[in-house]
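Trainee:
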Ligand code: C5P
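Numbering (UniProt numbering), first residue to last: 4 to 236.
Structure (structure tokens):
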């Protein structure tokens with residue numbers, strides 16, 4: 004049983020969500036998917052009728068986008084058996100994985116005000132879990148570097164771009180989504196935006212353990228992380 008915090012960061016397609024959620028189940032801990040929170044805020048921006056190209060190129064001076072993003076009521080459940088994201092009380096779990104949100108989320112999540120707002124909320128959720136005596140596995144891009152720099156264990160997952168694109172395609176096919184942008188190009192585009200932004204860029208914390216998942220299956224990754232968490236979570 005985990006009592007502390009495990010941070011899981013890395014680019015898309017490294018198996019982050021499956022791994023972080025599976026680890027939380029095995030360790031009888033809670034689970035927080037911070038990407039889902041950025042996606043839900045992005046959905047609010049799109050639903051407000053702000054055109055996709057505006058959302059996808061949003062920058063700090065865009066008061067309309069920032070205003071809608073900060074007003075979005077995003078709530079999450081941290082049960083790893085049934086993680087849920089709600090926007091104004093509505094379950095938006097499926098919709099936030101769609102092409103439109105995926106195209107705009109990196110731009111919306113690069114907004115300084117949006118990050119400040121969600122990071123504070125993420126820390127609040129973690130504090131609440133710890134106060135209840137539970138451990139928590141938190142996944143994202145900046146968890147080990149910015150959100151929870153004191154996490155007992157920090158993991159940074161990597162995988163080759165080809166492997167990551169293949170996984171994302173399989174995920175989309177399984178979920179009945181097709182006709183989106185070319186997966187490999189889209190991954191490369193998001194990685195570039197996420198890694199080069201001024202506010203909390205995607206990078207491994209100095210004290211993170213890097214795990215290359217290119218040639219490991221989910222069981223292999225989970226076994227490795229469970230071992231690490233038992234040592235220092
Ligand atoms: O993990 P997921 O692919 O759902 O995340 C969607 C997007 O949300 C990422 O591409 C990134 O732009 C943003 N994100 C972030 N910081 C986090 C988690 C996600 O900027 N901690």
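Note that the Cβ used here is the ideal one computed from N, Cα and C, for glycine as well.
Closest to residue 194 by CA distance: which of 72, 212, 113 is it?
Mentor: Closest by alpha carbon: 113.
Trainee: Near residue 23, what residues of its chain come up, given a Cβ to Cβ distance below 6 angstroms and the 5 sequence neighbours on each side ignored?
Mentor: Closer than 6 angstroms at the Cβ level, and outside the excluded window around residue 23, lie 11, 140, 142.
Trainee: Span of the beta strand (DSSP E) holding residue 143?
Mentor: From DSSP, the beta strand (DSSP E) with residue 143 extends over 139–143.
Trainee: Okay, do the stretch 31–48 and the stretch 72–89 touch, 3+ Cβ pairs below 8 angstroms being the bar?
Mentor: Yes, the stretch 31–48 is in contact with the stretch 72–89.
Trainee: Could you check if residue 41 belongs to the surroundings of ligand 1, using beta carbon to heavy atom distance under 6 angstroms?
Mentor: Yes, since a heavy atom of ligand 1 falls inside the 6 angstroms radius drawn around the Cβ of residue 41.
Trainee: Which value, in whole angstroms, describes the spacing of the CA atoms of residue 104 and residue 49?
Mentor: Approximately 8 angstroms between the Cα atoms of the pair.
Trainee: Just to confirm my understanding: we take residue 68, look at its own chain, exclude 5 residues before and 5 after, and list those with CB closer than 8 angstroms. What are they?
Mentor: The answer, listed in chain order, is 48, 53, 57, 58, 61, 111, 114.
Trainee: Looking at C-alpha atoms only, which residue of 175, 181, 146 is the closest neighbour of residue 204?
Mentor: For residue 204, the nearest C-alpha among the options comes from 146.
Trainee: Taking residue 192 as the reference, give the member of 164, 223, 86 with the closest Cα.
Mentor: The candidate whose alpha carbon is nearest that of residue 192 is 164.
Trainee: Could you check which residue in 228, 29, 207, 215 has the C-alpha nearest to that of residue 83?
Mentor: Minimum Cα distance to residue 83 is reached at 29.
Trainee: Count the other CB atoms, across all protein chains shown, that sit within 10 Å of the CB of residue 216; report buried if there are 16 or more and exposed otherwise.
Mentor: By the 10 Å Cβ count, residue 216 comes out buried.
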